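Visitor:
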Amino acid sequence: MRPNLAMLLLVVGCAAASPAPSPAKDATRQQITILYDAFGKPSQMEKDWGFAALIEYGGKRILFDTGDNPDILAKNAKAKGVDLSNLDFAVLSHRHGDHMGGLDYLLSVNPRVKIYAPKENFGVYGFSLPGSFYRKDEALPPEQRYYDGAPPQILKFGSAWPKASFELIEKTTEIAPGIRLIATVSDKPTTLELRELSLAIDTPDGIVLVVGCSHPGIDKIVEAATAIDPRIHLIAGGLHLVVAKDADIDGIVTALRDKYKVAYIAPGHCTGEPAFAALEKAFARRYLYAGLGTGLAIGPTPGPVDTLRH
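First residue of the sequence shown? That's 20 in the numbering used here, and the numbers climb one at a time after it.
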């Protein structure tokens, strides 16, 4: 065999044996893709109660929440052609199972991914306190004192996912250029003191706000977002009006449209069927369908991106 031909065959053989490179991130793609929800058009994806969305913006790929079930998240990501091993970071909006239940799947394919989560006392994501946080009585014998009277300087409390890389957030924080997490606390009787994170993207057209469940109140979250930019361009996600009375729904819809001048709305998850109808009536062409599998372009005129695999 001639030397040049032998060398060519060797190169081709090595190339064929080499593993295929992982898909590169598309820095130009700017969209929100709904990976988990209980409503949507017929597809290979499975509907279930919960929420997860992939956000691609500014060259970043962010998983916002993980839905309720790891197997369903895996199925939906595969059906959509989404590679969750290739993320910049993930966000868990709050500690309810229908938003963090799929985390085991994410960690199985991306064990070192950074995960932003709300900081809560003795929360499931882990917590720490100074050893001086409790009152002490030095007159007690050592066997009746915590840590024999000599506690560690820092007390670290366990996480439900001890090997995960959590970064806990307690106030509004910029986590990437133009991308912030808004931290709010619920004062509602059924979710008192629950902390929730929402994702705010500062775009040239105004804030694109992605919310998980809006337990503190969507109006409260939007008010916090206006401190970044008073122009609210798009809201996507759960507005937690699923059990609200008509009068309460009407009040929120009016506030979003008239007080906060929200340009576009793409409600999902726990917004509720009556609220879907009320928002669609109020926003008309500025109401965007956001069922399971929907891709929403982020730009001057947000709208559907047909990337669903049938």
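For each residue, glycine too, the CB sits at the ideal point set by N, CA and C.
Bear in mind that the values here come from a model prediction, so they are computed numbers and not experimental data.
Got a sec, what are the start and stop residues for the alpha helix (DSSP H) residue 166 sits in?
Guide: In the sequence shown, residue 166 corresponds to position 147, counting from 1. Per DSSP, residue 166 belongs to no alpha helix (DSSP H) and is neither H nor E.
Visitor: Quick one: using the 10 Å Cβ neighbour count with 16 as the cut-off for buried, is residue 202 buried or exposed?
Guide: Within the sequence shown, numbered from 1, the residue matching residue 202 stands at position 183. It is buried - the Cβ of residue 202 has at least 16 other Cβ atoms within 10 Å.
Visitor: Just the Cα atoms here: how many angstroms apart are residue 120 and residue 306?
Guide: Residue mapping note: residue 120 aligns to position 101 of the sequence shown, counting from 1. Residue mapping note: residue 306 aligns to position 287 of the sequence shown, counting from 1. The alpha-carbon atoms of residue 120 and residue 306 are separated by roughly 29 Å.
Visitor: Compare the C-alpha of residue 330 against each of 130, 66, 189, 291 and name the closest.
Guide: Absent from the model: residue 330. The displayed extent of the chain is 20 to 329, so no value can be given.
Visitor: Mapping the DSSP letters down to three states, classify residue 298 as helix, strand or coil.
Guide: Residue numbering aside, residue 298 sits at position 279 when the sequence shown is read from its first letter. Residue state, collapsed to three classes: helix.
Visitor: Under a Cβ-count criterion, where at least 16 other Cβ atoms within 10 Å of its own Cβ denotes burial, should residue 320 be classed as buried or exposed?
Guide: Here residue 320 corresponds to residue number 301 of the sequence shown, with the count starting at 1. By the 10 Å Cβ count, residue 320 comes out exposed.
Visitor: At the level of alpha carbons, what is the spacing between residue 313 and residue 88?
Guide: As a position in the sequence shown, residue 313 is number 294, starting the count at 1. As a position in the sequence shown, residue 88 is number 69, starting the count at 1. Distance between the alpha carbons of residue 313 and residue 88 is about 19 Å.
Visitor: Closer than 6 Å by C-beta to residue 170: which residues in its own chain qualify, once you throw out the five before and the five after it? Chain order, please.
Guide: Start at 1 with the first residue of the sequence shown, and residue 170 comes out as number 151. Within the same chain, residue 170 has close Cβ partners 150.
Visitor: Alpha carbon to alpha carbon, what distance is there between residue 145 and residue 235?
Guide: For the purposes of this step, residue 235 is taken as the residue at position 216 of the sequence shown. For the purposes of this step, residue 145 is taken as the residue at position 126 of the sequence shown. Cα to Cα, the separation comes out at about 22 Å.
Visitor: Keeping to the same chain, check which residues put their C-beta closer than 8 Å to that of residue 66; ignore five residues upstream and five downstream.
Guide: Here the question's residue 66 lines up with position 47 in the sequence shown. These residues qualify, in order along the chain: 56, 57, 58, 59, 311.
Visitor: Going by beta-carbon coordinates alone, are residue 220 and residue 197 separated by less than 8 Å?
Guide: Taking the sequence shown and counting its residues from 1, one reaches residue 220 at position 201. Taking the sequence shown and counting its residues from 1, one reaches residue 197 at position 178. Result yes, Cβ atoms of residue 220 and residue 197 sit closer than 8 Å.
Visitor: What are the boundary residues of the alpha helix (DSSP H) that includes residue 179?
Guide: To locate residue 179, count along the sequence shown from 1; it is residue 160. Segment: none, residue 179 is in no alpha helix (DSSP H) and carries neither H nor E.
Visitor: Please list, in chain order, all residues of the same chain as residue 174 whose beta carbon is under 8 Å from its beta carbon, the five residues on each side excluded.
Guide: Mapped onto the sequence shown, residue 174 falls at position 155. So the qualifying residues of the chain are 147, 148, 149, 150, 152.
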